[in-house]
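Visitor:
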Ligand SMILES: NC(=O)C1=CN([C@@H]2O[C@H](COP(=O)(O)OP(=O)(O)OC[C@H]3O[C@@H](n4cnc5c(N)ncnc54)[C@H](O)[C@@H]3O)[C@@H](O)[C@H]2O)[C@@H](O)CC1
Ligand SMILES: [K+]
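Residue numbers (full-length UniProt numbering): 1 to 499.
1) With 16 as the cutoff for other CB atoms within 10 Å, does residue 108 come out buried or exposed?
2) Could you give the residue range of the beta strand (DSSP E) that holds residue 273?
3) Using C-beta distances below 8 Å, list every residue in its chain close to residue 84, excluding the 5 sequence neighbours before and after it, in chain order.
4) Does the distance from the C-beta atom of residue 218 to that of residue 3 stay below 7 Å?
5) Three or more beta-carbon pairs under 8 Å between the stretch 155-170 and the stretch 125-143, yes or no?
6) List in chain order: all unbroken beta strand (DSSP E) runs of 3+ residues lying wholly within the stretch 1-58.
7) Under 8 Å: do the stretch 120-132 and the stretch 99-106 share three or more Cβ pairs, one atom per stretch?
8) Pull the bridge partners of residue 246 from the DSSP assignment, please.
9) Can you tell me whether residue 132 sits near ligand 1, meaning its C-beta is under 6 Å from at least one heavy atom of the ligand?
10) Is the Cβ-Cβ distance between residue 446 and residue 314 less than 7 Å?
11) For residue 293, which beta-bridge partners are listed by DSSP?
12) State the beta-bridge partners of residue 81 as determined by DSSP.
13) Is it buried or exposed for residue 273, if we count other Cβ within 10 angstroms and need 16 for buried?
14) Please classify residue 386 as buried or exposed, where buried requires at least 16 neighbouring CB atoms within 10 angstroms.
15) Cβ of residue 333 within 7 Å of Cβ of residue 309?
16) Which residue's Cα is closest to the Cα of residue 93: 121, 82, 58 and 222?
17) Count the C-beta pairs between the stretch 387-405 and the stretch 368-379 that are closer than 8 Å, then say yes if the count reaches three, no if not.
18) Sorry if obvious, but does the Cβ on residue 127 come closer than 6 Å to a heavy atom of ligand 2?
19) Identify, in the order they occur along the chain, each residue of the same chain with its Cβ nearer than 7 Å to the Cβ of residue 286, setting aside the five sequence neighbours on each side.
20) Who are the near neighbours of residue 229 in its chain, counting only those whose CB is closer than 8 Å to its CB and skipping five residues on each side?
21) Whose C-beta lies closer than 6 Å to the C-beta of residue 233 among residues of the same chain, with five residues either side of it excluded?
22) Per the DSSP calculation, residue 198 is bridged to which residue(s)?
23) Should residue 409 be labelled buried (16 or more other beta-carbon atoms within 10 Å of its own) or exposed?
24) Assuming residue 403 and residue 366 are in contact, meaning their beta carbons sit under 8 Å apart, how far apart are those beta carbons, in whole angstroms?
25) If you follow the alpha helix (DSSP H) that residue 327 is part of, which residue opens it and which one closes it?
26) Return the Cβ separation of residue 247 and residue 442 in integer angstroms, given the expectation that the two are a contact with Cβ distance under 8 Å.
27) Just list the beta strand (DSSP E) runs in the stretch 376-440, keeping only unbroken ones of 3 residues or longer that don't cross its boundaries, in chain order.
28) Are three or more beta carbon pairs between the stretch 207-221 and the stretch 12-28 nearer than 8 Å?
29) Short of 6 Å in beta carbon distance, which residues of its chain neighbour residue 291, apart from the five on each side in sequence? Order them along the chain.
30) State the DSSP-derived secondary structure class of residue 268, mapped to helix, strand or coil.
31) Output the boundary residues of the beta strand (DSSP E) element that contains residue 342.
32) I'd like to confirm something about residue 146: is its beta-carbon nearer than 6 Å to some heavy atom of ligand 2, or not?
33) Name the residue from 463, 258 and 185 whose alpha carbon lies nearest to the alpha carbon of residue 165.
34) What residue does the alpha helix (DSSP H) around residue 154 start on, and which one ends it?
35) Pick out whichever of 26, 193 and 216 has its Cα sitting closest to the Cα of residue 419.
36) Which residues in the same chain have their Cβ closer than 8 Å to the Cβ of residue 252, if we skip the five residues on either side of it in sequence?
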């Protein structure tokens with residue numbers, strides 16, 4: 001799904017109105033109907049008054065239409081109209097259509113507005129038309145909502161929220177944001193979840209021809225994108241058809257990282273896997289993952305040298321390796337000889353940052369930093385938007401695929417695109433979750449998926465497996481990394497649409 005900016009969305013609205021063609025009032029009705037459908041799903045009980053706060057632009061017009069539609073479904077409605085100098089035509093027309101039975105208060109000063117925790121609050125004050133930070137009474141109204149509302153549902157975007165740049169002033173902090181047609185870029189950045197709450201996208205049928213031709217570096221991966229890329233397992237296949245991966249992982253006390261990665265790699269379908277580890281990790285590994293072969297380092301407690309890497313289809317390095325000097329030198333050597341596609345994670349990335357080796361990263365590698373590792377590689381970012389720019393730069397610089405892990409993991413490719421991932425849940429913030437992802441991506445890369453495909457599929461399946469594990473038997477608190485691997489089979493089945 002494409003992520004368009006606010007200007008492009010305005011153009012998409014205008015294109016649809018002209019070319020579908022559809023009257024702008026009818027498009028507003030479609031948007032309001034889509035919002036109402038989602039609202040009713042979220043709040044099926046009609047025991048609380050719904051207080052709708054409307055501006056006089058088209059976001060406010062949506063608010064008026066939603067008031068009428070919810071009223072028709074027997075919700076108790078109260079409306080506050082924030083009076084300003086101008087109003088749009090569609091706002092005015094929806095005001096005329098408003099049933100007389102709905103109480104309407106005209107608000108001139110913020111102090112006249114009363115927001116109650118007993119009610120459900122719908123924020124229809126300002127939407128994507130925001131063109132400056134909130135100030136004066138708009139700011140005070142947002143503060144009143146934030147202070148007193150318990151459930152705030154924003155129409156399209158929370159009032160004061162910037163779709164495509166940092167939100168630097170006050171904005172409404174919504175419980176849910178029901179947005180039209182496209183997720184906004186800002187929804188995908190960690191610092192903005194306090195404004196958007198849980199967000200969802202309601203389709204409003206904007207013109208497909210416009211969406212098709214519009215260019216954007218940003219997309220959100222959907223199930224249909226995954227299905228297109230996943231290859232079926234061949235009936236006459238043998239293990240040699242699915243690659244021989246190498247995992248260079250583990251140190252004394254961190255054999256678990258190697259185990260988690262190795263298991264996930266095999267569960268993703270790699271034909272063969274050899275794990276290079278220090279001697280003290282070998283018993284744990286062989287016992288926990290008997291399907292993997294082990295290749296011992298001459299050092300007992302940490303990794304110091306590379307194994308034979310000939311005829312390997314993918315090489316992952318990093319989980320649990322630590323940063324001992326010999327291990328650092330081993331990484332330096334691996335970057336130099338790079339005999340097969342590399343997947344660089346965890347301490348391998350920390351070593352690259354410590355030794356200033358970004359320039360040595362072989363083209364076509366996959367890097368999987370979390371926020372801390374990313375910071376060590378490219379320095380502090382002011383906000384999520386600047387971090388995205390740094391992500392794109394690092395990908396172009398290294399000619400590699402960079403997976404920035406977190407909620408909505410962002411996958412950057414050297415051509416400047418960023419693909420966000422929507423699967424996964426907060427339970428995944430747990431020890432070993434990243435090691436599991438490295439294993440999954442390595443398993444895919446080893447089966448000859450491209451670097452981009454491996455990263456996109458891997459991140460999607462990793463999140464989906466965690467979602468299934470959480471739905472079936474775990475909670476966000478109880479989810480641990482091995483649950484993710486355990487549910488990979490169901491994730492594959494769901495992604496392939498077999499279930
Ligand atoms: N254009 C269309 O055809 C559609 C628009 N829709 C709705 O329309 C919204 C956009 O509507 P508008 O473009 O009318 O804009 P808004 O309703 O977001 O804002 C209204 C006006 O407020 C003013 N304003 C901007 N920033 C302000 C600030 N900080 N303080 C005070 N006033 C400020 C601007 O002059 C702006 O035009 C979307 O978010 C969506 O809810 C939907 O109905 C779908 C169809
Ligand atoms: K709004």
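Beta carbons: idealized from backbone N, C-alpha and C, even for Gly.
Guide: A quick look at the data gives this:
1) exposed
2) 272-277
3) 55 and 56
4) yes
5) yes
6) 50-54
7) no
8) 274 and 315
9) yes
10) yes
11) 274
12) 54 and 106
13) buried
14) exposed
15) no
16) 58
17) yes
18) yes
19) 294
20) 449, 453, 456 and 457
21) none
22) 176
23) buried
24) 7 Å
25) 325-337
26) 6 Å
27) 401-404, 410-412 and 418-420
28) yes
29) 266
30) coil
31) 342-344
32) no
33) 185
34) Element bounds for residue 154: not the alpha helix (DSSP H) but the beta strand (DSSP E), 151-155.
35) 216
36) 278, 280, 281, 300, 301 and 302
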